[in-house]
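A.B. asks: Once you've had a glance at the structure underneath, I'll fire off some questions.
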Amino acid sequence: MRPAAILDIGSSKIVCLCGSTAVRGGTVVHGVGVSDYAGYESAEFFDERSLEEAIVACVREAEQMARIRIRDMILSVPVPFSKLIVTSATIRLDPRRERIGADDVDELISLSLAKARAAEYVLMHSTPVSYTVDGYTSPDAPEGRRAGEFSAEVSHMYVRESFLSKVSSILRTLQIEVSMCVSAQLAESLLLIPEEERVRPAVLIDVGHTHTDVSLVENAALTAMTSFDLGGAQFASDLAFGLEIPLETAEQVKRRYTFLQEPAGSVETIRMLTGVKRVDRSVIDLIVGARAEEFVALLKKSLRMLGVHAETRPATYLTGGGFSMMRGGGEYLRQQLGLHVKRDMPYMPDMNTPNYASAFGALDFALRASSAETEESVPIRQGIGGILDRIRNLFIQ
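Residues in the sequence shown are numbered from 22 upward in steps of one, following this note's numbering.
Right under this line is the structure:
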């Protein structure tokens with residue numbers, strides 16, 4: 022199998038990964054490119070020139086490391102540039118003469134898609150959440166069964182047309198085509214959250230540089246998602262302002278901070294190029310604590326909006342950078358939210374931190390998609406039905 026490539030657009034950095042599936046399973050990363058850039062907020066890029074320069078730099082870096090020429094890649098799309106619509110559809114069969122076939126599943130997905138039009142957005146993928154056959158609901162495709170009534174709830178993920186056009190235009194200057202788009206949250210959740218924990222809705226909290234995404238995933242599909250404009254950057258900027266130190270230094274103070282530690286009454290020594298500054302740790306606690314309270318309040322509001330209740334004990338995963346990289350952050354959220362928040366990341370020999378989870382999730386998606394193409398024994402059916410049939414099976418083992 023030839024290597025697959027992905028481009029992951031984060032709120033402060035862009036990652037390009039080129040990799041392949043190892044003979045005995047697992048992922049082999051051949052090339053990596055990482056570039057910081059001005060980022061985005063509320064689905065608007067701060068500096069499009071910075072975006073272009075970062076994409077070009079990280080793609081070239083990955084190509085040089087992998088010693089290959091990338092011709093096409095999968096684009097990982099963040100929540101602010103995505104739209105999720107969940108719809109359902111039903112078809113009726115004659116159970117005496119007909120069994121459910123792959124064409125029926127395709128028809129059902131297409132019927133549900135007809136109810137999910139989104140102006141100024143382009144369809145990325147449609148994934149069945151569950152199927153219902155004569156009143157019995159299951160996540161498994163019921164092909165081969167007899168049924169009088171057959172329905173499905175389907176998750177349709179869209180990418181904002183302007184975002185896709187902008188990134189595609191930049192990649193075309195490198196003679197690279199976007200072969201497919203994938204929701205960053207979907208790919209990331211399927212990488213991080215075990216299948217058995219997705220039987221009922223699980224929660225993914227992805228803390229970025231300038232915003233936080235909260236998503237629900239059920240079986241192999243996203244069923245709800247939302248974002249709010251608060252991430253790791255605000256913690257650092259608060260520290261920079263409150264302690265009167267450079268932003269770069271404040272970022273280091275943030276990373277050293279530990280939640281839920283016993284009051285020590287000691288002094289934090291902050292070293293800068295201009296000298297050393299000593300600050301009472303209670304001052305740092307006050308600054309970080311105030312922003313953390315706001316963060317938790319927004320998180321609780323988002324969870325309520327998505328219909329998440331602590332008493333149902335959903336599997337909850339914390340990932341991304343910023344807050345999720347702060348010591349004790351997971352434990353703090355467990356205490357504040359009443360949820361069993363897990364901070365997990367599959368083992369990687371390098372880049373083994375949560376802020377790279379979305380990139381590795383997209384690469385895993387790309388390799389599965391590439392494998393599906395390789396294993397296809399007959400030409401892939403064209404049109405919406407055939408494409409949706411491929412997508413819906415990518416993560417169903």
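Glycine is no exception: its CB is placed at the ideal position from the N, C-alpha and C atoms. Computed from a predicted structure; not experimentally measured.
Out of Glu198, Ser63, Met178, Asp365, which has the shortest C-alpha to C-alpha gap to serine 442?
C.D. replies: The question about residue 442 has no answer, for the chain in this structure spans 22 to 418.
A.B. asks: Does the separation of the CB atoms of alanine 460 and valine 55 fall below 8 Å?
C.D. replies: For the chain, the structure presents residues 22 to 418; residue 460 sits outside this window and is missing.
A.B. asks: On the three-pair Cβ rule with 8 Å, is the region 92 to 111 touching the region 50 to 67?
C.D. replies: Result yes; three or more Cβ-Cβ pairs closer than 8 Å.
A.B. asks: Reducing DSSP to helix, strand and coil, say where alanine 162 ends up.
C.D. replies: Alanine 162 falls in the coil class under three-state DSSP.
A.B. asks: For the putative contact between glycine 343 and phenylalanine 262, defined by C-beta atoms under 8 Å, what is the C-beta separation to the nearest angstrom?
C.D. replies: That pair is no contact at about 17 Å.
A.B. asks: CA-CA distance, glutamate 217 and arginine 167?
C.D. replies: Approximately 27 Å between the Cα atoms of the pair.
A.B. asks: What number of angstroms, rounded off, separates the C-alpha of serine 210 from the C-alpha of valine 180?
C.D. replies: In a straight line, the C-alpha of serine 210 is about 18 Å away from that of valine 180.
A.B. asks: Going by alpha carbons, who is nearest to aspartate 234 out of Ile89, Thr340, Leu294, Ala318?
C.D. replies: When only C-alpha atoms are compared, the closest one is Thr340.
A.B. asks: What number of angstroms, rounded off, separates the C-alpha of arginine 138 from the C-alpha of serine 151?
C.D. replies: Whole-angstrom Cα-Cα distance: 20 Å.
A.B. asks: Looking at the secondary structure, which residues open and close the alpha helix (DSSP H) in which glutamate 315 lies?
C.D. replies: Counting along the chain, the alpha helix (DSSP H) containing glutamate 315 begins and ends at 302 to 326.
A.B. asks: Which partner residues of arginine 120 appear in the DSSP bridge assignment?
C.D. replies: Arg167.
A.B. asks: Quick check on DSSP: helix, strand or coil for glutamate 397?
C.D. replies: Reliability fails at glutamate 397, whose pLDDT of 43 lies under 50, so the model's placement of it is uncertain and the value that follows must be treated cautiously. Coil at glutamate 397, not helix or strand.
A.B. asks: Considering only residues of the same chain and omitting the five flanking positions on each side of leucine 28, which have a CB-CB separation below 6 Å?
C.D. replies: Contacts found: Cys37, Met94, Leu96.
A.B. asks: For valine 304 and serine 323, what's the separation of their Cα atoms in angstroms?
C.D. replies: Using only the alpha carbons, I get a separation of about 29 Å.
A.B. asks: Grouping DSSP H, G and I as helix and E and B as strand, with all else coil, what is glutamate 141?
C.D. replies: Glutamate 141: coil per DSSP, three-state reduction.
A.B. asks: Quick check on the DSSP output: what are the complete beta strand (DSSP E) runs of length 3 or more inside the region 203 to 228, in order along the chain?
C.D. replies: The region 203 to 228 contains these whole beta strand (DSSP E) runs: 223 to 228.
A.B. asks: Name the two residues that bound the continuous alpha helix (DSSP H) containing isoleucine 76.
C.D. replies: Start and end: 69 to 87.
A.B. asks: Whole beta strand (DSSP E) runs in the region 241 to 278 with 3 or more residues, listed along the chain?
C.D. replies: Qualifying beta strand (DSSP E) stretches, in chain order: 242 to 249.
A.B. asks: Give the C-beta separation of leucine 237 and leucine 327 to the nearest angstrom, bearing in mind that I take them to be a contact with Cβ-Cβ under 8 Å.
C.D. replies: Indeed they touch by this definition, with Cβ atoms about 5 Å apart.
A.B. asks: What residue range does the alpha helix (DSSP H) around isoleucine 191 cover?
C.D. replies: Taken as a continuous stretch (DSSP letters only), the alpha helix (DSSP H) holding isoleucine 191 covers 182 to 193.
A.B. asks: With a threshold of 8 Å on Cβ separation, who are the neighbours of threonine 108 within its own chain once the five nearest residues in sequence on each side are excluded?
C.D. replies: Taken in chain order, the residues that qualify are Ser133, Leu134, Lys136, Ala137, Glu174, Val175, His177.
A.B. asks: What residue does the alpha helix (DSSP H) around valine 351 start on, and which one ends it?
C.D. replies: One detail in the question is off: residue 351 reads as glycine in this sequence, not valine. It spans 350 to 358 - the alpha helix (DSSP H) in which glycine 351 sits, taken as one unbroken run.
A.B. asks: For histidine 230, report the span of its beta strand (DSSP E) as first-last.
C.D. replies: No beta strand (DSSP E) holds histidine 230; DSSP gives it neither H nor E.
A.B. asks: Is valine 329 helix, strand or coil by DSSP?
C.D. replies: Valine 329: coil per DSSP, three-state reduction.
A.B. asks: Report yes or no: do three or more beta-carbon pairs, one from the region 113 to 120 and one from the region 32 to 51, lie closer than 8 Å?
C.D. replies: No contact exists between the region 113 to 120 and the region 32 to 51.
A.B. asks: My assumption, with CB atoms under 8 Å, is that proline 222 sits in contact with proline 335. Please give the rounded CB distance.
C.D. replies: That pair is a contact at about 6 Å.
A.B. asks: Quick check: the Cα distance between threonine 270 and valine 317, rounded to an integer number of angstroms?
C.D. replies: Threonine 270 and valine 317: Cα-Cα distance of roughly 25 Å.
A.B. asks: Taking only three categories from DSSP, how would you classify isoleucine 130?
C.D. replies: Three-state result, isoleucine 130: helix.
A.B. asks: Rounded to whole angstroms, how far is the Cβ of leucine 243 from the Cβ of leucine 105, which I believe are closer than 8 Å?
C.D. replies: 6 Å between Cβ atoms; contact.
A.B. asks: When the Cα atoms are used, what is the spatial distance from glutamate 141 to valine 274?
C.D. replies: Their backbone Cα atoms lie some 42 Å apart in a straight line.
A.B. asks: Using the Cα positions of leucine 213 and threonine 295, report the straight-line distance between them to the nearest angstrom.
C.D. replies: Rounded to whole angstroms, leucine 213 to threonine 295 spans 42 Å at the Cα level.
A.B. asks: Excluding the 5 residues flanking aspartate 155 on each side, which residues of the same chain have their C-beta closer than 7 Å to its C-beta?
C.D. replies: Correct list, in chain order: Ala168, Gly169, Glu170.
A.B. asks: Could you tell me if tyrosine 377 is buried or exposed, where buried requires 16 or more neighbouring beta carbons within 10 angstroms of its beta carbon?
C.D. replies: Per the 10 Å Cβ criterion, buried.
A.B. asks: Using 8 Å as the threshold, is the C-beta distance between alanine 264 and glutamate 315 below it?
C.D. replies: Correcting the residue identity first, residue 264 is leucine in this sequence and not alanine. No; because the gap between Cβ atoms is not below 8 Å, this pair is not in contact.
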